[in-house]
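Enquirer: So that we are looking at the same thing, I have put the structure below in structure tokens.
4 protein chains.
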Amino acid sequence: MSHNTYGHLFRVTTWGESHGPALGCVVDGCPPGLPLTEAFIQGFLDKRRPGTSRFVTQRQEPDAVKILSGVFEDDRTGGPVTTGTPISLMIENTDQRSKDYGEIRDRYRPGHADYSYDAKYGVRDYRGGGRSSARETAARVAAGAVARRVLGDGIMIRGAVVQIGPHAIDREAWDWAIVEDNPFWCPDAGMVATWEAFLDETRKAGSSAGAIVEVQASGVPAGWGAPVYGKLDGELAGAMMSINAVKGVEIGAGFAAAAFSGEQNADEMRAGNGAPRFLSNNNGGVAGGISTGQDVIVRIAIKPTSSILNEVKSVTRDGEEVDVRTKGRHDPCVGIRAVPVAEAMMACVLADAKLRHRGQTGR
Amino acid sequence: MSHNTYGHLFRVTTWGESHGPALGCVVDGCPPGLPLTEAFIQGFLDKRRPGTSRFVTQRQEPDAVKILSGVFEDDRTGGPVTTGTPISLMIENTDQRSKDYGEIRDRYRPGHADYSYDAKYGVRDYRGGGRSSARETAARVAAGAVARRVLGDGIMIRGAVVQIGPHAIDREAWDWAIVEDNPFWCPDAGMVATWEAFLDETRKAGSSAGAIVEVQASGVPAGWGAPVYGKLDGELAGAMMSINAVKGVEIGAGFAAAAFSGEQNADEMRAGNGAPRFLSNNNGGVAGGISTGQDVIVRIAIKPTSSILNEVKSVTRDGEEVDVRTKGRHDPCVGIRAVPVAEAMMACVLADAKLRHRGQTGR
Amino acid sequence: MSHNTYGHLFRVTTWGESHGPALGCVVDGCPPGLPLTEAFIQGFLDKRRPGTSRFVTQRQEPDAVKILSGVFEDDRTGGPVTTGTPISLMIENTDQRSKDYGEIRDRYRPGHADYSYDAKYGVRDYRGGGRSSARETAARVAAGAVARRVLGDGIMIRGAVVQIGPHAIDREAWDWAIVEDNPFWCPDAGMVATWEAFLDETRKAGSSAGAIVEVQASGVPAGWGAPVYGKLDGELAGAMMSINAVKGVEIGAGFAAAAFSGEQNADEMRAGNGAPRFLSNNNGGVAGGISTGQDVIVRIAIKPTSSILNEVKSVTRDGEEVDVRTKGRHDPCVGIRAVPVAEAMMACVLADAKLRHRGQTGR
Amino acid sequence: MSHNTYGHLFRVTTWGESHGPALGCVVDGCPPGLPLTEAFIQGFLDKRRPGTSRFVTQRQEPDAVKILSGVFEDDRTGGPVTTGTPISLMIENTDQRSKDYGEIRDRYRPGHADYSYDAKYGVRDYRGGGRSSARETAARVAAGAVARRVLGDGIMIRGAVVQIGPHAIDREAWDWAIVEDNPFWCPDAGMVATWEAFLDETRKAGSSAGAIVEVQASGVPAGWGAPVYGKLDGELAGAMMSINAVKGVEIGAGFAAAAFSGEQNADEMRAGNGAPRFLSNNNGGVAGGISTGQDVIVRIAIKPTSSILNEVKSVTRDGEEVDVRTKGRHDPCVGIRAVPVAEAMMACVLADAKLRHRGQTGR
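Okay, here's the thing in structure tokens:
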């Protein structure tokens, strides 16, 4: 990862600002011959799209993706399939309300990148956060759809919200079947009403809430990843932390492992079917940076939305003290819409790991 | 980061196995003209060295570093200084007890990379974990010493252990002055006796304990880092998670932020001296992936040492079920010796960020 | 350079096929605050545009560039200026004649990438060469315009054609003033008529001709480049050879140096104004991979256009023997339109070298 | 390639100065399970070793290589084989005559990197050229030996000198069988005596001579390489130009192609055995940046040795004018010892291309 590019062999470069004409990505290094259509990618973008419930922003962004290159509908092959050359994906920005940015132009919103961008660049597109806007994650989701094609149907990646504000789910009640049936990607049926009430209250109070998201990948074969600085968990951590508002990443047992004893933490093994059968998965599917064949499990902590109606203290570019209220249509809890983004990053990390593993070992 | 190389402009490539003749690193891209001696690097290696207390492994590894290239003692400049060319650092392995590896040769130790390395490569140096051994981190510490020279005296990086097993420090009691005066890098004087008793008990029970380490960097100017996939916190997360036994990384408030309200989490600002003065540091010194000028604060969760005397269930390479006890001189809590390693990774991440920022902006 | 990305700090990723909806590039890592408009970039694209004389292809491609991101017109700064974030540039393909590609769909045109792409990918966009089309170089020219902004006005990059077919210019007659006044970028007034006659004849004969192009950069300070695998001349060679149809690259005296004696080749020095004054420039402005402050001089050999009317022997995808004639509006000598492309690659290489040098040394 | 690292998946980082304690390289990303011994590598180093005839330098450098990591002699597998982890190779410098460097310390030798290194770094190891010394190429040759293992026995890489000074071989007389039987790697029996006389004369005159080297790789399958900035010929050009003293690179017909007609240059095809049979190889085995299955053919121009006994004009670091004579034991024609180096770079480029192709396509 560097600048705005993720990956080594499967490489994703994203571009675009919140209020520019468009945003998108270039996916380079994709294997050839994979079926890929705009409709397939759109399905994932629709999961991230705003306006789907009252718990996410009410902006209208259709986020319609266009494939500009790298896919060819060949009558010989019955395409459209990837050609192995760069896949350029573009999403036009349509809901750029013409409004007066004078207010945020010169004031630094706490929790946002306003000040740090100014400190770095001396100039910034302040409209809607510009490059630091979470709209960039739409391009990640589009790239993640391509990555899923690289991984194939044998690998299933899915995410859920496991905590909103102080309210954590009961993991014993986990039921993947209900995750798509509530507006929170919540896997615990008993928690849905609590979150509903909590977020309604939060929203009405002009505040916002944080969340914890968990992503699991099953079907990952043992052997992906690389020693030391190419560790699969290291790359997952970097990729997940690069998502807007993420402040923590853990793999498997994560921070809880700090309190375990060696015996509790050991993922014991018994004879399996051609491979060891693990009796637990505290490692989260990764040992020594290399996948073990178990589910790869990552959790990320997402801070409360920084854009809140309530006043917070700040300063202007010129050092004048001001109180900032952020009006507009903001997500009360960005953690919800982070689910498809985190899934996409998991897909990108695994796709790149797959190709690199195959390159080095031929398997 | 890829394979065994960390960094873009300040690049560190480590090599070596636990029981090979030597290990080391090549530091490429270092600015020229920086004073660098073996003694300076050795100081940091000595902090990581085993055998310094009964709470760490009793192996005898002097870990004496040699500079093989990239530094020149020029009588004109009064050297030795870096020349800007690759700095090759080597540490010879001296305590490779000749012993029978027959027992671990074919059995997979739970929590170790034995199985995943075999699954990936089909062959591995099983002596002491080979490449997956935490001995590799000696090379990181050596590279980190060079990185500190790149950062200069204005940036101070220091770490502490904030939790061992279930026993977390009282953050209100934090005192940097005592950190080097106890064998745990503990900043809370009231906790030292508790950890002593807990670790003695753990060790006698043939078990091991996890820990949480915090690293802080002060003096980092605002503006380092880059958008999206080159975010400073993303790179810190990747770098920290690449350290052996680390299972979680958080920046600033980290996972706790998930339960905060928007107001609680906002790092409010008031007019400062040429730059905003922040009233809190929940962001951990990074906003939008770019440093804010506040302290950069990272915490990492370290799982309990996987090598324990107590028996755990496992299988052999041939799929036979066995019980594994790991004899030898192991750290009861690897978190302690992780402190200088985590400091080194912080230094490497910041050094690379500094050079890239300077490259792009000229500042 | 890897896949479709050029550069380390100044990074250019190009995408697009000859007959897809559009092509373009993402320029990442550009310093902030540089003035940049579509009109500025368009000026360079117009130099490469087809249809400017009877000696280049008669296709109609306006090659109008759009800036989609990374530039912001800030009323505070009087923009538009670069923001330091990815600059996405797009050129829509407009002259995609709807025609029957059945003929070239299954037959391999000699000298083209038809067979090698099929061998690699198993699928390819055969319309107009798809990704292997020289249309990709429009994106390079657009990126090169950005690179010139990075270099600033102190560095002048300009190219000329020094040989077409067997007819080489008289270097003694070199006159930069006439280069833009003839359709060949010819610096030797005495050669223009010869090339005119030669190319008219070539075109009428249904054949094509090769060329040699020279690019010079003046004002490059001493010190850019890096040892060994980051050598400035190594990067120039890689970048130039990556241009379509280029088969040779030489720096300074180049291949002629093989016949020189040590004394002839030595670029002797005398005392200059704060830096040595070189008495010759056989090294082409680069010594040990690092710029010397002299003009950087590169020459590239361009093979004759592979698309010719005359029949050449070939085979189909199914191994059937066929004779191939390439109808259409092709450049009789692609070397002519290669001039702005080679200038652009010089600009990109130097811009990346500048930023990396500044990153490492602070100068 | 960047700084001192070559390659993407097969990555070589070299380090070391001419007169430091040692030099070497780290080869990362090598596939596991390949047989590798010091003796195998040594065979290639011996081809590059000085002192083998009166036409190369008379320095005594055994260049004995040590494998420090990445290879394991496993009694299960009958090793030693590569483990897939970094292979650290070291060559100790033994012939560092203790001499007075005062003379070259402050004066810039024309044709050397003395001035440009000082301009870049402000400090340099002036002993024997330090990092810019051609001794670095020993590390390349060692890495090239590993690369040959990656390529396997089906790919044969071999080089020859085709011109020394103004004397070019007769290509019709090419006979690989005699290349190892003369001190020049000359493939034309009729040329050996001429070169012998010419170089004896050159040496006695206190001068030096340039050369042209050709390297061929046969057995390369069609499909290696990648579009645009990952072109196989682009990477070969960059890699070859990075060798000390190289000033030109050409592929296939190279610069001669500029004078060809389209028909002459077309590599026509007829039906072959499962793949096209090419009737010529002007493309040098690469079309559109991707291998065609033909021999990959590269030629490089090497300038005359810059270290000559005859006086050349120069200046000191302080701007004083001096005349420089370079005493010592220098190669009269460095082109001769460049043959194994160029072969090694060909091997590294192809090994990296092989792994990347396999990664992307699975073939």
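Residue numbers (my numbering), protein chains in the order written: chain A, 533 to 895; chain B, 533 to 895; chain C, 533 to 895; chain D, 533 to 895. Ideal Cβ placement from N, Cα and C applies to all residues, glycine included.
In chain order, what are the residue ranges of uninterrupted alpha helix (DSSP H) at least 4 long that sit wholly in the stretch 775-830 of chain A?
Expert: 794-797
Enquirer: Going along the chain, which residues of the stretch 673-706 of chain C sit with their C-beta nearer than 8 Å to a C-beta in chain B?
Expert: none
Enquirer: Which whole-angstrom value describes the C-beta separation of Glu624/C and Pro553/C, a residue pair presumed to lie in contact below a C-beta threshold of 8 Å?
Expert: By one-based count along the third sequence, residue 624/C stands at place 92. By one-based count along the third sequence, residue 553/C stands at place 21. That pair is a contact at about 7 Å.
Enquirer: State yes or no: is the C-beta of Ala596/A within less than 8 Å of the C-beta of Leu764/A?
Expert: What you label residue 596/A is simply residue 64 of the first sequence in a count that begins at 1. What you label residue 764/A is simply residue 232 of the first sequence in a count that begins at 1. It is not a contact, given that the beta carbons lie outside the stated cut-off.
Enquirer: On the three-state DSSP scale, how would you describe Glu547/C?
Expert: In the third sequence, counting from the first residue as 1, residue 547/C sits at position 15. The amino acid occupying residue 547/C in the given sequence is Trp; Glu does not appear at that position. Trp547/C sits in a strand when the DSSP states are folded into three classes.
Enquirer: Report the option in Ala749/B, Val678/B, Glu852/B whose CA atom is closest to the CA atom of Gly616/B.
Expert: Taking the second sequence and counting its residues from 1, the one referred to as residue 616/B is at position 84. Comparing Cα-Cα distances from Gly616/B to each of Ala749/B, Val678/B, Glu852/B, the minimum goes to Val678/B.
Enquirer: Assign Thr626/D to buried or exposed, taking buried as 16 or more other Cβ atoms, counted over all protein chains shown, within 10 Å of its Cβ.
Expert: Locating residue 626/D in the fourth sequence gives position 94, where the first residue counts as 1. By the 10 Å Cβ count, Thr626/D comes out exposed.
Enquirer: Nearest by alpha-carbon distance to Thr726/B: which of Gly738/B, Thr546/B, His699/B is it?
Expert: Looking up residue 726/B in the second sequence gives position 194. Of Gly738/B, Thr546/B, His699/B, the residue nearest in Cα terms is His699/B.
Enquirer: In terms of alpha-carbon separation, which member of Pro836/A, Arg888/A, Glu795/A lies closest to Ala870/A?
Expert: Taking the first residue of the first sequence as 1, we reach residue 870/A at position 338. The shortest C-alpha separation from Ala870/A is found at Pro836/A.
Enquirer: May I ask you to report which of helix, strand or coil DSSP gives Gln590/C?
Expert: In the third sequence, residue 590/C corresponds to position 58, counting from 1. Of the three classes helix, strand and coil, the one that applies to Gln590/C here is coil, per DSSP.
Enquirer: Output the distance between the C-alpha atoms of Ala819/D and Met622/C, rounded to the nearest integer angstrom.
Expert: For the purposes of this step, residue 819/D is taken as residue 287 along the fourth sequence, with counting starting at 1. For the purposes of this step, residue 622/C is taken as residue 90 along the third sequence, with counting starting at 1. Spanning the two alpha carbons is a distance of roughly 27 Å.
Enquirer: In whole angstroms, what is the alpha-carbon distance linking Val693/A and Asp732/A?
Expert: For the purposes of this step, residue 693/A is taken as the residue at position 161 of the first sequence. For the purposes of this step, residue 732/A is taken as the residue at position 200 of the first sequence. Each residue's alpha carbon lies about 17 Å from the other.
Enquirer: For chain D, check one thing: does any of its Cβ atoms lie closer than 8 Å to the Cβ of Ile623/C?
Expert: One-based indexing of the third sequence puts residue 623/C at position 91. In terms of beta-carbon proximity, Ile623/C stays away from the interface with chain D, with every pair separated by 8 Å or more.
Enquirer: Report the neighbours of Ala790/B on chain A: residues whose CB is nearer than 7 Å to its CB, in chain order.
Expert: Residue mapping note: residue 790/B aligns to position 258 of the second sequence, counting from 1. Chain A residues near Ala790/B: Gln695, Gly742, Ala743, Ile744, Ala833, Ile834.
Enquirer: Apart from the five residues on each side of it in sequence, which residues of its chain come closer than 6 Å, Cβ to Cβ, to Ser620/C?
Expert: As a working note, residue 620/C is residue 88 in the third sequence. Only residues of its own chain outside the window of five on either side were considered, and among them Val558, Leu600, Ser601 have a CB closer than 6 Å to the CB of Ser620/C, listed in chain order.
Enquirer: Counting along the chain, where does the alpha helix (DSSP H) carrying Leu764/B start and finish?
Expert: As a first step, residue 764/B must be located in the second sequence, where it is residue number 232. Taken as a continuous stretch (DSSP letters only), the alpha helix (DSSP H) holding Leu764/B covers 764-773.
Enquirer: If contact is defined by three or more beta carbon pairs under 8 Å, each pair taking one atom from either stretch, is the stretch 795-809 of chain A in contact with the stretch 789-809 of chain B?
Expert: In short, these stretches do not touch, since the Cβ pair count stays below three.
Enquirer: Sort out for me which residues DSSP pairs Asp855/A with in a bridge.
Expert: In the first sequence, the residue the question calls residue 855/A occupies position 323. As computed with DSSP, Asp855/A is found in a beta bridge with Lys845/A.
Enquirer: DSSP on Phe542/D, reduced to helix/strand/coil?
Expert: Walking along the fourth sequence from the start, residue 542/D turns up at place 10. Correct three-state label for Phe542/D: coil.
Enquirer: Looking at the C-beta of Pro753/A, does it have a partner C-beta in chain D at a distance below 8 Å?
Expert: For the purposes of this step, residue 753/A is identified with residue 221 of the first sequence, where counting begins at 1. No, no contact with chain D.
Enquirer: Is it a yes or a no for the stretch 809-816 of chain C touching the stretch 731-746 of chain C, going by three-plus beta-carbon pairs under 8 Å?
Expert: no
Enquirer: Buried or exposed, going by whether 16 or more other CB atoms sit within 10 Å of the CB of Trp547/C?
Expert: By one-based count along the third sequence, residue 547/C stands at place 15. With 16 or more other Cβ atoms within 10 Å, it is buried.
Enquirer: If we count the other Cβ atoms within 10 Å of its Cβ and call it buried at 16 or more, is Gln590/C buried or exposed?
Expert: On the third sequence, position 58 is the one that residue 590/C refers to. Counting Cβ neighbours within 10 Å, Gln590/C comes out exposed, since fewer than 16 surround it.
Enquirer: Per DSSP, what kind of secondary structure is Leu600/C in: helix, strand or coil?
Expert: Walking along the third sequence from the start, residue 600/C turns up at place 68. Looking at Leu600/C - three-state DSSP - the assignment turns out to be coil, as it is neither helix nor strand.
Enquirer: Give the single residue among Asp560/B, Pro719/B, Gly686/B whose Cα lies nearest to the Cα of Pro753/B.
Expert: On the second sequence, position 221 is the one that residue 753/B refers to. Ranking the options by Cα distance to Pro753/B, first place goes to Gly686/B.
Enquirer: If you follow the alpha helix (DSSP H) that Met877/A is in, where does it begin and where does it stop?
Expert: In the first sequence, the residue the question calls residue 877/A occupies position 345. Met877/A -> alpha helix (DSSP H) spans 866-893.
Enquirer: Please report the residue range of the alpha helix (DSSP H) in which Arg680/C lies.
Expert: Translated into the one-based positions of the third sequence, residue 680/C becomes position 148. Looking at the DSSP string, the run of the alpha helix (DSSP H) that includes Arg680/C is 668-683.
Enquirer: Quick check: the stretch 773-791 of chain C against the stretch 781-791 of chain D, are there 3 or more CB pairs under 8 Å?
Expert: With a cut-off of 8 Å, the stretch 781-791 of chain D and the stretch 773-791 of chain C count as touching, because enough Cβ pairs lie within range.
Enquirer: Rounding to the nearest angstrom, what Cα-Cα distance links Ala709/D and Pro719/D in this structure?
Expert: Taking the fourth sequence and counting its residues from 1, one reaches residue 709/D at position 177. Taking the fourth sequence and counting its residues from 1, one reaches residue 719/D at position 187. Straight-line Cα distance between these residues: approximately 8 Å.
Enquirer: I want to verify the contact list: residues of chain D whose CB lies under 9 Å from the CB of Val781/C, in sequence order.
Expert: Locating residue 781/C in the third sequence gives position 249, counting from the first residue. By Cβ distance, chain D contributes Ala769, Met773, Gly780, Val781, Glu782.
Enquirer: Pro553/A touches chain C at which residues, Cβ-Cβ below 7 Å?
Expert: What you label residue 553/A is simply residue 21 of the first sequence in a count that begins at 1. Here the neighbours are Leu600.
Enquirer: For the stretch 533-545 of chain A, which residues have a CB atom closer than 8 Å to at least one CB atom of chain D, in sequence order?
Expert: His540, Leu541
Enquirer: Tell me the residue span of the beta strand (DSSP E) that contains Leu621/B.
Expert: Taking the first residue of the second sequence as position 1, residue 621/B is located at position 89. Start and end: 619-624.
Enquirer: If you draw a straight line from the C-alpha of Val828/B to the C-alpha of Ile783/B, how long is it?
Expert: Here residue 828/B corresponds to residue number 296 of the second sequence, with the count starting at 1. Here residue 783/B corresponds to residue number 251 of the second sequence, with the count starting at 1. Approximately 8 Å between the Cα atoms of the pair.
Enquirer: Within 8 Å (strictly less), CB to CB, does Glu843/D reach chain B?
Expert: Looking up residue 843/D in the fourth sequence gives position 311. So no, Glu843/D is outside the interface.
Enquirer: Using a beta-carbon distance cut-off of less than 9 Å, what residues from the stretch 869-893 of chain C approach chain B?
Expert: Cβ contacts with chain B: Lys886, Leu887, Arg888, His889, Arg890, Gly891, Gln892, Thr893.
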